[in-house]
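K.L.:
Under this note's numbering, residues 2 to 196 are what the sequence shown spells out, in order.
Glycine included, every Cβ here is placed at the ideal spot set by N, Cα and C.
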Amino acid sequence: MMLRPGPEPISEDHDMIRLTLATAFLAVATAALPAQTTPQTAPAQAPAAATAAAQPNLSGAWKLNVAKSDFGQVPPPNSELEIIQQTATAITIAAANDSDDTGKQIYILPIPIAATEASTPAGNFSTTDDFKILSSKAQWQGATLVVDQKMNYKGSNGTVHSVYSLSADGKTLTRQTHYSLDLGEFDVTYIFDKQ
Numbered sequence: 002m003m004l005r006p007g008p009e010p011i012s013e014d015h016d017m018i019r020l021t022l023a024t025a026f027l028a029v030a031t032a033a034l035p036a037q038t039t040p041q042t043a044p045a046q047a048p049a050a051a052t053a054a055a056q057p058n059l060s061g062a063w064k065l066n067v068a069k070s071d072f073g074q075v076p077p078p079n080s081e082l083e084i085i086q087q088t089a090t091a092i093t094i095a096a097a098n099d100s101d102d103t104g105k106q107i108y109i110l111p112i113p114i115a116a117t118e119a120s121t122p123a124g125n126f127s128t129t130d131d132f133k134i135l136s137s138k139a140q141w142q143g144a145t146l147v148v149d150q151k152m153n154y155k156g157s158n159g160t161v162h163s164v165y166s167l168s169a170d171g172k173t174l175t176r177q178t179h180y181s182l183d184l185g186e187f188d189v190t191y192i193f194d195k196q
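#1: Taking the beta strand (DSSP E) that V161 belongs to, which residues open and close that run?
#2: Which of the three DSSP states, helix, strand or coil, is assigned to A68?
#3: Can you list, in chain order, the residues of its chain whose CB lies under 6 Å from that of Q177, leaving out five sequence neighbours each side?
#4: Restricting to Cα atoms, I'd like to know which of A144, G61, D188 is closest to A169.
#5: Let's test the definition: count the other Cβ atoms within 10 Å of the Cβ of Q196 and tell me whether it reaches 16, buried, or not, exposed.
#6: Please report the straight-line C-alpha distance between T103 and D130, rounded to a whole angstrom.
#7: So what does DSSP say about I89, is it helix, strand or coil?
#8: For T90, which residues from the same chain have a beta carbon less than 6 Å from its beta carbon, with the 5 sequence-adjacent residues on both sides left out?
#9: Would you mind listing the beta strand (DSSP E) stretches within the region 80-153 that are 3+ residues and don't spill past its ends, in chain order?
#10: Based on DSSP bridge pairs, tell me the residues matched to Q177.
#11: Using the beta-carbon count (16 or more within 10 Å), is D183 buried or exposed?
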């Protein structure tokens, strides 16, 4: 039903190429970003600096900890790896996951941090994929990132509401997600460990 991760390495050549490209894309994007600094002098910039400090950097490689996660009524996935790239205006998630329900999937989701949603670029999901994110938007609420998405699961349209929070030590990313579909309502808490 959900994005499900896979414990086994991706074996198909096409999937490995897509994962390699996604990883390379994020590495290049990360290297190209200017260093973020906090203004030190102008008093007018102090509120902006405080806001930036309240927004943690979620960038990095995150592996799903299936044992610590809570899937509720949903069967647990096999595995999932997310590589997150964060800028001031967007968050990009490259995900490789595997589940008994939806199979193996690899995709890149550019998510604007804005009031308006953006459609998922063509080609990120195959026409045969059971699970697809159709559009996304995100906004910061203090130290948490709230992501709202429209999705399709096996022909049933629905919504995904996720709240991302980072542990104080920066080693654990929690994603509390509510899925709303014609098939029902589901709550899942994903716990990711930084790699």
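P.N.:
Straight from the coordinates:
#1: The residue given as residue 161 occupies position 160 in the sequence shown. In the DSSP annotation of this structure, the continuous segment of the beta strand (DSSP E) that includes V161 starts and ends at 157-167.
#2: As a working note, residue 68 is residue 67 in the sequence shown. DSSP places A68 outside both helix and strand once states are collapsed to three, so it counts as coil.
#3: The count along the sequence shown starts at 1 and reaches residue 177 at position 176. Within the same chain, Q177 has close Cβ partners V164, T190.
#4: For this step, residue 169 is matched to residue 168 along the sequence shown. Comparing alpha carbon positions, the residue from A144, G61, D188 closest to A169 is A144.
#5: On the sequence shown, residue 196 is found 195 positions in, with the first residue counted as 1. Exposed.
#6: For the purposes of this step, residue 103 is taken as residue 102 along the sequence shown, with counting starting at 1. For the purposes of this step, residue 130 is taken as residue 129 along the sequence shown, with counting starting at 1. T103 and D130 have their C-alpha atoms spaced approximately 7 Å apart.
#7: As a working note, residue 89 is residue 88 in the sequence shown. The displayed chain sequence assigns Ala, not Ile, to residue 89. Coil.
#8: Here the question's residue 90 lines up with position 89 in the sequence shown. Counting only Cβ-Cβ distances below 6 Å, and skipping sequence neighbours, we find I114.
#9: The qualifying runs are 80-87, 91-100, 104-113, 132-142.
#10: By one-based count along the sequence shown, residue 177 stands at place 176. Paired residues: V164, T190.
#11: Residue 183 sits at position 182 when you count from the first residue of the sequence shown. Looking at its Cβ environment, which holds fewer than 16 other Cβ atoms inside 10 Å, D183 is exposed.
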